[in-house]
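Asks:
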């Protein structure tokens, strides 16, 4: 079984602060994806990282894939209330996604 | 981006009845569809994987006779929860995987909230 551990599980910060969410596994993945999910809705894909060591930026969000393709991080700069939501990482192998436990982020104005 | 729809978006049923949830890929052909369930404040748990025209592959611990999956076409998969019980109440999410560009991508539906009374 391929397990993905996310940390922290819950995070509550003030608007303008920076934060990092981690996604770790003992398994190697062909790619890793990050999603954001709002209550009562399906997950929305933010990014897919494929190459070990790869870094992708999406406005204030920076995603990094570990060199060994076992872990990833999501860094948000100057968080805004609109960033509030559940962030999920998912490791992909053979077309099947395994989801992490999720990180619930609350950004207070 | 590609769109995946689910119907209904929410359903309330009585214990012992069966409920069917539809998942459609609206603008691409989905060679594979996945069904997940999600409990409040928890992550998505994969229930089964279905390929068009073949039987679904269920994850360990998921009863195939209780959660019937049909993937009859490249744009439609259905999940039927048979003889539903209150513990089946959950958020059910489907995703569809198909080629929408140079690569195969996976897109998620908006989810179906099932409440069994």
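Protein chains in written order, with our numbering: chain A, 8 to 116; chain B, 934 to 1050. Where a beta carbon is used, it is the ideal one built from N, C-alpha and C, also for glycine. All values reported here derive from a predicted model rather than from experimental measurement.
#1: Residues in the same chain with beta-carbon distance under 7 Å from residue 939 of chain B, minus the five sequence neighbours each way, listed in chain order, please.
#2: Counting pairs of beta carbons, one from the region 94–104 of chain A and one from the region 23–42 of chain A, are three or more of them closer than 8 Å?
#3: Based on Cα-Cα distance, which residue from B:1030, B:1031, B:1032 and B:1023 lies nearest to residue 46 of chain A?
#4: Residue 11 of chain A and residue 110 of chain A: beta carbons closer than 9 Å?
#5: Using the Cβ count rule (16 or more neighbours within 10 Å means buried), how would you classify residue 1037 of chain B?
#6: Taking a cut of 9 Å between CB atoms, which residues from the region 976–1000 of chain B lie near chain A?
#7: Counting only beta-carbon atoms, is residue 1026 of chain B nearer than 9 Å to chain A?
#8: Which partner residues of residue 27 of chain A appear in the DSSP bridge assignment?
#9: Tell me, please, whether the region 996–1016 of chain B touches the region 959–967 of chain B by the rule of three or more beta-carbon pairs shorter than 8 Å.
#10: Considering residue 14 of chain A, what are the terminal residues of the beta strand (DSSP E) in which it resides?
#11: Are residue 977 of chain B and residue 969 of chain B closer than 9 Å when you measure CB to CB?
#12: For residue 965 of chain B, decide whether its Cβ has a neighbour in chain A, counting only Cβ atoms nearer than 9 Å.
#13: Please decide whether residue 1039 of chain B counts as near chain A, where near means a Cβ-Cβ distance under 9 Å.
#14: Can you check whether the C-beta of residue 962 of chain B is within less than 9 Å of a C-beta belonging to chain A?
#15: Within 10 angstroms of its Cβ, does residue 972 of chain B collect 16 or more other Cβ (buried), or is it exposed?
Replies: Inspection of the coordinates gives the following:
#1: Here residue 939 of chain B has 954, 955, 956, 1027, 1042, 1043, 1044 and 1045 as same chain residues with Cβ atoms under 7 Å from its own Cβ, once five neighbours each way along the sequence are excluded.
#2: yes
#3: B:1023
#4: no
#5: exposed
#6: 976, 977, 978, 979, 982 and 993
#7: Taking Cβ atoms only, chain A reaches closer than 9 Å to residue 1026 of chain B, which makes this a yes.
#8: DSSP output for residue 27 of chain A lists A:82 as bridge partner(s).
#9: Taking a contact to require three or more Cβ pairs closer than 8 Å, the region 996–1016 of chain B and the region 959–967 of chain B qualify as touching.
#10: Per DSSP, residue 14 of chain A belongs to the beta strand (DSSP E) from 12–14.
#11: yes
#12: yes
#13: yes
#14: no
#15: exposed
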